[in-house]
Amino acid sequence: MSGALICHSLRKRPDWASLAPALLQGNGTRWKEAKLETHDVAIPLPSSGRQAQRALCAILLSPSDVGKDECRGRIQRLSRLSGGEDIAIVFLLKQEQGQGSATAALMTLQLDLVGEFEMPIIPVNSVQAVSTNLMAFYRQICTSSGSSKKANPAQTLLPYCSDRPPLPEHTVNVLTDITSNIRDLLDTASTSAGQVKLAQYLGDNSESAISFWGDEYVVE
Numbered sequence: 003m004s005g006a007l008i009c010h011s012l013r014k015r016p017d018w019a020s021l022a023p024a025l026l027q028g029n030g031t032r033w034k035e036a037k038l039e040t041h042d043v044a045i046p047l048p049s050s051g052r053q054a055q056r057a058l059c060a061i062l063l064s065p066s067d068v069g070k071d072e073c074r075g076r077i078q079r080l081s082r083l084s085g086g087e088d089i090a091i092v093f094l095l096k097q098e099q100g101q102g103s104a105t106a107a108l109m110t111l112q113l114d115l116v117g118e119f120e121m122p123i124i125p126v127n128s129v130q131a132v133s134t135n136l137m138a139f140y141r142q143i144c145t146s147s148g149s150s151k152k153a154n155p156a157q158t159l160l161p162y163c164s165d166r167p168p169l170p171e172h173t174v175n176v177l178t179d180i181t182s183n184i185r186d187l188l189d190t191a192s193t194s195a196g197q198v199k200l201a202q203y204l205g206d207n208s209e210s211a212i213s214f215w216g217d218e219y220v221v222e
C-alpha cells in the first residue's frame, strides 16, 4: 500500500521523534512525510467508483498532552474531519518520572471525550508499536461495513490492549463482561489471582492481554 502520510512536525516532538524515521524505513506500507494541519498521520482507505477518497486520519498523543488546551483544540479539529468519520487517537502509554500514571491519563482522556467527541483511542505501549496497532485498526475499518464513527470504546480500545493486536471480538466481549473499565483491567492483569481469572476466561489469548500491561513504561 502507498500514499500514507506522516506529519514532519513529529520530528520536533520528543515523544514521537523516532516515529517518522522508523515508518519511512519500514517494510509494507509506503510512508511519505508531509505538512498536515489537523492530524499527524493519514492512510488512504479503499474507495470504489465515484466515491470520494477516504482516509484514516489520526493524531498522536501522550500522557503529558492530556488536559491541555492545545490537546483539546487538536481533538476538536480532528472531530470536524469527514463528518467525524474515519478518525482516531493513538495514545502512547508511557509513564515518565515525576508524572502521574499513564493509565490514569488514558482514563482522563476517555472521560474528556464522553458526550462530545466520538472517536476511538488506539493505545500503544511504545513508539515501535504504532505501525502494528495503527495498521490493525486500519484493516478493521477496511473489512467492516461502516466507518469508525459510532464504534464504542470496547470495540475500539480493548482490541489493541494486547502484544499481538487485535484481540478477537469474543475476547473483547469477555473482557467487558469481567472488568468494569481500563483501570479494573489493569488491576486484574497485575495480580496473580487476576491473571488466573483471565486465563480461565480467555484461554490462549490471556497471555497477550496480560503481557501488554506487564511493563511499567517508565522512562529512565
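When we follow this note's numbering, the leftmost residue of the sequence shown carries the number 3, and every step to the right adds one. Here a beta-carbon is modelled for each residue, glycine too, at the ideal position from N, C-alpha and C.
Does the beta-carbon distance from residue i to residue j come in below 9 angstroms?
i	j	result
Ile124	Leu111	no
Asn86	Glu39	In the sequence as presented, Asn is not what sits at residue 86; that position holds Gly. Cβ atoms of Gly86 and Glu39: not closer than 9 angstroms.
Lys14	Leu26	no
Val204	Thr173	Going by the sequence as given, residue 204 is Leu instead of Val. Yes; because the gap between Cβ atoms is below 9 angstroms, this pair is in contact.
Ala138	Pro170	no
To the nearest angstrom, report how far apart residue i and residue j are at their CA atoms.
i	j	result
Gly28	Thr181	36 angstroms
His10	Val129	16 angstroms
Ser192	Arg185	11 angstroms
Asp42	Thr134	16 angstroms
Asn183	Ala90	20 angstroms
Pro168	Pro48	20 angstroms
Asn69	Val176	The amino acid occupying residue 69 in the given sequence is Gly; Asn does not appear at that position. When rounded, the distance between both Cα atoms is 31 angstroms.
Ser194	Ala107	25 angstroms
Thr105	Gly75	22 angstroms
Lys151	Ser84	Reliability fails at Lys151, whose pLDDT of 46 lies under 50, so the model's placement of it is uncertain and no value is given.
Ser149	Asp88	Its pLDDT being 48, under 50, Ser149 is placed unreliably by the model, and the measurement read from it follows with that caveat. Approximately 6 angstroms between the Cα atoms of the pair.
Asp71	Asp206	42 angstroms
Pro23	Glu118	35 angstroms
Asp189	Gln202	16 angstroms
Met109	Cys144	28 angstroms
Ala60	Ser103	23 angstroms
Gln97	Asp67	12 angstroms
Val116	Cys73	15 angstroms
In this structure, how does DSSP classify residue i when only helix, strand and coil are distinguished?
i	result
Lys96	coil
Trp33	strand
Leu21	helix
Pro46	strand
Pro161	helix
Val126	strand
Lys152	In this prediction, Lys152 has a pLDDT of 48, which is less than 50 and means its spatial position is unreliable; nothing more can be read from the coordinates.
Leu38	coil
Arg15	coil
Arg74	helix
Arg166	coil
Take residue i and list the residues in its own chain whose beta-carbon comes closer than 6 angstroms to its own, dropping the five residues that flank it on each side.
i	result
Lys199	none
Ala19	Arg13
Give me the Cβ distance between residue i and residue j, rounded to the nearest whole Å; I'm assuming they're in contact under 8 angstroms.
i	j	result
Asp114	Ser64	15 angstroms between Cβ atoms; not a contact.
Leu62	Val92	5 angstroms
Leu7	Ala36	5 angstroms
Ser164	Ser210	4 angstroms
Tyr223	Ile77	Nothing about residue 223 can be reported from this structure: the residues present for the chain run from 3 to 222 only.
Skipping 5 residues on each side, what residues in its chain have a beta carbon closer than 7 angstroms to that of residue i?
i	result
Glu197	For the record, residue 197 in the displayed sequence is Gln; it is not Glu. Closer than 7 angstroms at Cβ, skipping near neighbours: Ala191, Ile212.
Ser208	Leu200, Ala201
For residue i, is the beta carbon positioned less than 8 angstroms from some heavy atom of the ligand HEM?
i	result
Leu136	Among the components modelled here there is no ligand, and therefore nothing to report on the ligand HEM.
Can you list, in chain order, the residues of its chain whose CB lies under 8 angstroms from that of residue i, leaving out five sequence neighbours each side?
i	result
Leu21	Ile8, Leu12, Leu62, Val129, Val132
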